[in-house]
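First comes the structure, then the notes that go with it.
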Amino acid sequence: MITSTHNQQVKHVMQLNKKPRLRKEEGVFVVEGFKMVKEAPKDRIVKAYVSASALADPSGRTLLADLPFEEVEDQVFTQMSDTQTPQGVLAVIRRREPDLEQILKQPDPFLLLIENLQDPGNLGTMIRTAEGAGVTGILISRESVDLYNPKTIRSTMGSIYRVPVHITDSLTGLVPLLHQRGIRTYAAHLRGTKSYTEADYRTGTAFLIGNEGNGLTEELADAADQYIRIPMEGQVESLNAAMAAGILMYEVKRQRTGINL
4 MITSTHNQQV
14 KHVMQLNKKP
24 RLRKEEGVFV
34 VEGFKMVKEA
44 PKDRIVKAYV
54 SASALADPSG
64 RTLLADLPFE
74 EVEDQVFTQM
84 SDTQTPQGVL
94 AVIRRREPDL
104 EQILKQPDPF
114 LLLIENLQDP
124 GNLGTMIRTA
134 EGAGVTGILI
144 SRESVDLYNP
154 KTIRSTMGSI
164 YRVPVHITDS
174 LTGLVPLLHQ
184 RGIRTYAAHL
194 RGTKSYTEAD
204 YRTGTAFLIG
214 NEGNGLTEEL
224 ADAADQYIRI
234 PMEGQVESLN
244 AAMAAGILMY
254 EVKRQRTGIN
264 L
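For what it's worth, this note's numbering labels the leading residue of the sequence shown as 4, then goes sequentially.
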């Protein structure tokens with residue numbers, strides 16, 4: 004059992020939680036909680052850590068039966084954890100990022116392009132919603148919040164393992180390629196004159212979602228085929244970025260499935 008916060012493995016996990024550069028250099032990220040560890044692809048789990056009290060629970064022992072893990076004293080585990088109320092289990096996971104071609108080769112791609120998003124909770128929520136709505140891939144600008152930020156990972160609730168996410172240096176540079184593949188691009192924009200429900204999303208579709216405070220850059224917005232808007236009542240000018248993205252994504256699902264949601 005690991006009984007000290009001075010243990011090198013403990014220090015390493017704590018540094019992985021805090022330092023995006025270290026996560027990138029090692030090609031890993033940290034997940035916490037029974038659900039996140041249970042849903043992780045087994046071939047991507049580098050190592051798991053479990054608190055003494057969690058290991059005493061039958062469900063904890065079952066979860067870790069086939070995994071390499073270290074038992075950690077409860078107080079030490081609390082220091083390793085990035086949450087206020089840790090469940091007692093975490094794991095280091097290998098990153099697996101698809102290349103662009105893997106995403107674009109899907110029939111009638113359904114994409115989300117995320118530019119300069121800064122809130123990890125928003126990004127995680129978008130990824131989780133994307134899985135539910137049937138998005139086939141997400142392209143995210145490198146200037147956005149770190150995809151592997153612990154809060155982002157928690158907010159995905161496991162969708163990080165299943166939704167293909169590609170990080171790119173230039174979303175604007177990718178738009179012409181999308182157009183060549185027959186994918187229409189829609190900028191969620193305050194200057195949109197057409198309601199989001201009026202467009203046809205049954206073939207290749209990509210939504211462009213911008214920064215929480217500033218929206219899309221003019222360069223990326225102008226590259227889109229069409230501006231669209233979500234109608235507002237009262238004095239509200241815009242919605243939370245994740246909420247707006249969710250509304251748009253589920254309109255695609257409604258049109259493609261023929262089901263009124």
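We treat Cβ as the ideally placed atom computed from N, Cα and C, and that holds for glycine.
For GLN90, which residues of its own chain have a beta-carbon under 8 Å away from its beta-carbon, when the five flanking residues on both sides are left out? Only residues of its own chain outside the window of five on either side were considered, and among them GLU35, GLY36, PHE37, ALA57 have a CB closer than 8 Å to the CB of GLN90, listed in chain order.
Go through the stretch 135-192 residue by residue and report every complete run of the beta strand (DSSP E) that reaches 3 residues or more, in order. 140-144, 168-171, 187-191
Could you check if SER54 is buried or exposed, using at least 16 other CB atoms within 10 Å of its CB as the buried criterion? In summary, SER54 is buried, with 16 or more beta-carbon neighbours lying within 10 Å of its beta-carbon over all protein chains present.
Would you list the residues sitting across from PHE210 in a DSSP beta bridge? LEU115, TYR189
If I'm right that GLN258 touches TYR204 with Cβ under 8 Å, what's the distance once you round it to whole angstroms? 5 Å
Roughly how many angstroms separate the alpha carbons of GLY249 and LEU181, rounded to a whole number? 21 Å
Determine the contact status of VAL168 and GLU100, defining contact as a CB-CB distance below 8 Å. Their beta carbons are under 8 Å apart, which means VAL168 touches GLU100 by this criterion.
Could you spell out the range, first to last residue, of the beta strand (DSSP E) harbouring LEU93? Annotation for LEU93: the continuous beta strand (DSSP E) segment containing it runs 92-97.
Span separating the alpha-carbon of GLU73 from that of THR128: C-alpha of GLU73 to C-alpha of THR128: approximately 31 Å in a straight line.
Starting from VAL31, trace the beta strand (DSSP E) in both directions and tell me its first and last residue. Where VAL31 is concerned, the enclosing beta strand (DSSP E) stretches over 31-35.
Got a sec? Which residues, its chain only, sit under 7 Å from GLY124 by beta carbon, not counting five neighbours each side? LYS154, SER158
Are the beta-carbon atoms belonging to THR188 and LEU211 less than 8 Å from one another? yes
Bridge partners - PHE80, DSSP secondary structure assignment: According to DSSP, PHE80 shares a beta bridge with no other residue.
Spell out whether any CB of chain D is found under 8 Å from the CB atom of PHE37. Of the protein chains in this structure there is only one, and it is not chain D.
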